[in-house]
Amino acid sequence: MNDAHFHLAVNHLPIIIPIVGLLVMLGGFITRSAVVKRTAYCIFILGALCTIPAAVSGEGAEEVVEHLNIADHHIIHEHEEVAETFILCSYLLGGLALLGLWANIKRKTFSSAISIVTIVFSLVVLFLGSNAATTGGEIRHTEIRNDSGGDTHDDEHEDHNDDH
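Everything in the sequence shown is counted per this note's numbering, starting at 1460 for the first residue and increasing by one.
Now the structure itself:
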């Protein structure tokens, strides 16, 4: 397994895990269960921890892709910049979740406020993760690039008059 393969194997986790955390946290609000909210916090922390191998493997994946000469350096750099913002915010979400877990266990008065902030911030992180995923996909999948120049209109689906 080379660096690019490893990166592809682990880079989905920091995006998928916060989705699960968000759903569990919403379930905690609906059921008003402190235990479910604690579970959500642990899931967010796991998502932040899974960001580490994805971030660390990015540089090696970049070297492999540049050696294969399959993508313009500008596209790779754009992904790197977007991913760095996502990585930072993913770590912040993990830290916020750690604070929320502590506040929930200690039954602090601000525990509910932290859980709401965690939900809102997780949406921001998921948006940034979506951007990182899209720019990462553009490295290899030219068909999803904005500048691919391809016409998205399929000539097979033109309107015809079938009245005979």
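Think of the CB as a built atom: it goes at the ideal place given N, C-alpha and C, for glycine as much as any other residue.
Other residues of its chain near residue i: CB distance less than 7 angstroms, five sequence neighbours each side excluded
i, result
"D1462", "S1516, G1519, A1520, E1522, V1523"
"T1544", "L1587"
"V1483", "V1495, T1498, A1499, I1502"
"P1473", "G1506, C1509, T1510, A1513, S1549, G1588"
Residues of its chain near residue i, where Cβ-Cβ distance is below 6 angstroms and the 5 sequence neighbours each way are ignored
i, result
"I1546", "T1510, A1514"
"F1465", "S1516"
"N1470", "A1513"
"V1576", "none"
Three-state class that DSSP yields for residue i in the structure shown
i, result
"D1462", "helix"
"N1528", "coil"
"S1571", "helix"
"H1471", "coil"
"K1565", "coil"
"S1581", "helix"
"S1516", "helix"
"S1549", "helix"
Cβ-Cβ distance between residue i and residue j below 9 angstroms
i, j, result
"S1549", "L1587", "yes"
"A1493", "G1487", "yes"
Contact with chain D by residue i, beta-carbon distance below 9 angstroms
i, result
"K1565", "Absence of chain D from the displayed structure is noted, only one protein chain being present."
Near the ligand NAP: residue i beta-carbon under 8 angstroms from a heavy atom
i, result
"V1579", "Because no ligand of any kind appears in the structure shown, any question about the ligand NAP cannot be addressed here."
Same chain only: Cβ atoms within 8 angstroms of residue i, ignoring 5 sequence neighbours per side
i, result
"M1460", "A1468"
"F1580", "C1548, L1551, L1552, L1555"
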